[in-house]
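Using our numbering, read the sequence shown as starting at 37 and increasing by one per residue.
By construction, the Cβ of each residue, glycine as well, lies at the ideal position given by its N, Cα and C atoms.
See structure below.
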Amino acid sequence: MSATEVVDLWNDERIGAWENYHLSGMPDLISSMNMCHALLALTKSGLLDRLRGTEPRKIDELLDGMDERVGTGLLRYLAVGGVLDDWRGSYRLSHRGRLLTEPIALARLGFYMEAYAPVTRNITGLLTGTMTYGVDVSRADGSLSKHTGTVTTTSYTAVVRAAMRGTSATRLLDLGCGSGALLVEMCARQPELSGVGIDIAPAAIDAAQQRAAANGMADRAEFVVADAFQPDTWPESCRAADVICGVGVLHEQFRDGEQAVVDILDRYAEVLTGDKVLLLGEPELRYDNRENDSDFFLVHVLTAQGIPRDRAGWLEVFGRTSLSCRRIYTNAVAGPRTCFYELTPRRG
37 MSATEVVDLW
47 NDERIGAWEN
57 YHLSGMPDLI
67 SSMNMCHALL
77 ALTKSGLLDR
87 LRGTEPRKID
97 ELLDGMDERV
107 GTGLLRYLAV
117 GGVLDDWRGS
127 YRLSHRGRLL
137 TEPIALARLG
147 FYMEAYAPVT
157 RNITGLLTGT
167 MTYGVDVSRA
177 DGSLSKHTGT
187 VTTTSYTAVV
197 RAAMRGTSAT
207 RLLDLGCGSG
217 ALLVEMCARQ
227 PELSGVGIDI
237 APAAIDAAQQ
247 RAAANGMADR
257 AEFVVADAFQ
267 PDTWPESCRA
277 ADVICGVGVL
287 HEQFRDGEQA
297 VVDILDRYAE
307 VLTGDKVLLL
317 GEPELRYDNR
327 ENDSDFFLVH
337 VLTAQGIPRD
347 RAGWLEVFGR
357 TSLSCRRIYT
367 NAVAGPRTCF
377 YELTPRRG
């Protein structure tokens, strides 16, 4: 039997085209995109829960009730990508896989791949004007509340606690509370604290009430549908709050101009009687790539939101209100670059 001849053809033009492709970084972008989709499927299908643990599990156990052909291929793909360890046809999460599926990593994945995916996959329509945000396309607010809740409990609860330390505050009002993560976590950490969270979205309030009940905080954390920007419509249970807190809720109003934000802040000032404090947490945009800063900017542009400001920009806005900023809290080193502004009525 004669050997098959292999002919390797050298063509500078062809080689140059593919060298340029690889040097462009496009292969990595494609792989990253597909890996994000695969990780999201791993989470939403329940397969991730089956993969957690120290011992490898057989394919038939992992894929019980799932499509065997697709599942087998997906497991192999994830092993090739370094997410899974493959041992004699059994799989478990690799070290990288465990890191990629930690709460913060999955929350950031869900923020962009679930909450904002309906928007980013329609950039062309938004750019050409054939689609309008809020009419033809919208973000998934339920997913947004869920994933920002994870970030809140990890990065923001400690900041709010630090701001309240040394005060006699026993009641917290959470503006635009979403899924209720901040208030429930605060109540869990501080037994003397109670509070109320308000949000304009009934679905968010339902989720917050369920969170409070699941964590045994329903008697101390109340959640009500209300407009965070209209204090005169707030329910009576909001009036007793010592600290009014809003995280990431106000910058969206910049879409209506700075004066709209000034007017809202002045309305808040009217309810800050006695020693009450407004603690406003807002992201800072730096227009770089740390902590997905540029991605955060993009989704704000696409969703017709007001663009977040840096601290200098916020201080200029505060200077036009009847509020005074006496302190700024930040998270050092890691996490979303967010400033918490401690605001009180301007005296004199």
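Query raised in the report: With DSSP run on the structure shown, which of helix, strand or coil describes S81?
Result: coil
Requested in this report: Decide yes or no for the touch test of the stretch 214-226 against the stretch 192-201: beta carbon pairs closer than 8 Å, at least 3 of them.
Outcome: yes
Query raised in the report: For the 8 Å Cβ check, are there 3 or more pairs between the stretch 234-254 and the stretch 314-331?
Result: no
**Report entry** Residues bridged to C375 [DSSP beta-bridge criterion]
**Finding:** E318 and T366
Query - V171 classed as buried or exposed, judged by whether at least 16 other C-beta atoms fall within 10 angstroms - result: exposed
Query raised in the report: Can you check whether the CB of V187 is closer than 8 Å to the CB of I140?
Result: yes
Requested in this report: Return the CA-CA distance between V43 and S60, expressed in angstroms with no decimal places.
Outcome: 29 Å
Requested in this report: Decide if S181 is buried, meaning its Cβ has at least 16 other Cβ atoms within 10 Å, or exposed.
Outcome: buried
Requested in this report: Can you tell me which of the three DSSP states K312 falls into?
Outcome: coil
Report task. Flag this pair as yes or no: are the beta carbons of L338 and I159 separated by less than 8 Å? Result -> yes
Requested in this report: Whole angstroms is fine: what's the gap from E294's alpha carbon to R144's?
Outcome: 29 Å
**Report entry** Cross-strand partners of F259 (DSSP beta bridge)
**Finding:** G233
Query raised in the report: Quick one, which of D292, E221 and H287 has its alpha-carbon nearest E258's?
Result: E221
Query raised in the report: Near K94, which residues of its chain fall below 6 Å by C-beta distance, leaving aside the five closest residues on each side in sequence?
Result: S126
**Report entry** Entirely enclosed beta strand (DSSP E) segments - the stretch 104-182, minimum 3 residues
**Finding:** 120-123 and 126-129
Query - Limits of the unbroken alpha helix (DSSP H) element including D299 - result: E294 to V307
**Report entry** R356 vs E378 beta-carbon contact at 8 Å
**Finding:** no
Query raised in the report: How would you label D210, buried or exposed, when you count the other beta carbons within 10 angstroms and need 16 or more for buried?
Result: buried
**Report entry** Cβ-Cβ distance between V232 and V260 below 8 Å
**Finding:** yes
**Report entry** Between the CA atoms of G146 and R175 - distance to the nearest angstrom
**Finding:** 12 Å
Report task. Specify the secondary structure class of T380 as computed by DSSP and reduced to three states. Result -> strand
Requested in this report: Please list, in chain order, all residues of the same chain as L75 whose beta carbon is under 7 Å from its beta carbon, the five residues on each side excluded.
Outcome: L136 and L145
Query raised in the report: Apart from the five residues just before and just after D278, which ones in its own chain have a Cβ nearer than 8 Å to its Cβ?
Result: T203, S204, A205, T206, R207, L208, D311, K312 and V313
**Report entry** Coil, strand or helix - I343 by DSSP
**Finding:** coil
Query raised in the report: Helix or strand or just coil, what does DSSP make of G349?
Result: helix
Query raised in the report: Is the beta carbon of E306 sitting closer than 8 Å to the one on P267?
Result: yes
Query - Beta-carbon proximity check, L301 vs L359, cutoff 8 Å - result: yes
Query - Rounded straight-line distance, which links the Cα of Y152 to that of S330 - result: 14 Å
Query raised in the report: Counting along the chain, where does the beta strand (DSSP E) carrying R291 start and finish?
Result: That residue, R291, is in no beta strand (DSSP E); it is neither H nor E in DSSP.
Report task. Tell me whether M253 is buried or exposed, calling it buried when 16 or more other Cβ atoms sit within 10 Å of its Cβ. Result -> buried
Report task. Measure the CB-CB distance between G178 and R128 and report whether it falls below 8 Å. Result -> no
Query - For S360, the residue or residues it bridges with in DSSP - result: T380
Requested in this report: Note down, one range per segment and in chain order, each beta strand (DSSP E) of at least 3 residues found wholly within the stretch 178-224.
Outcome: 207-211
Query raised in the report: G216 and A248: beta carbons closer than 8 Å?
Result: yes
Report task. Report buried or exposed for R345, applying the criterion of at least 16 other Cβ atoms within 10 angstroms of its Cβ. Result -> buried
Requested in this report: Assign R247 to one of three DSSP states: helix, strand, or coil.
Outcome: helix
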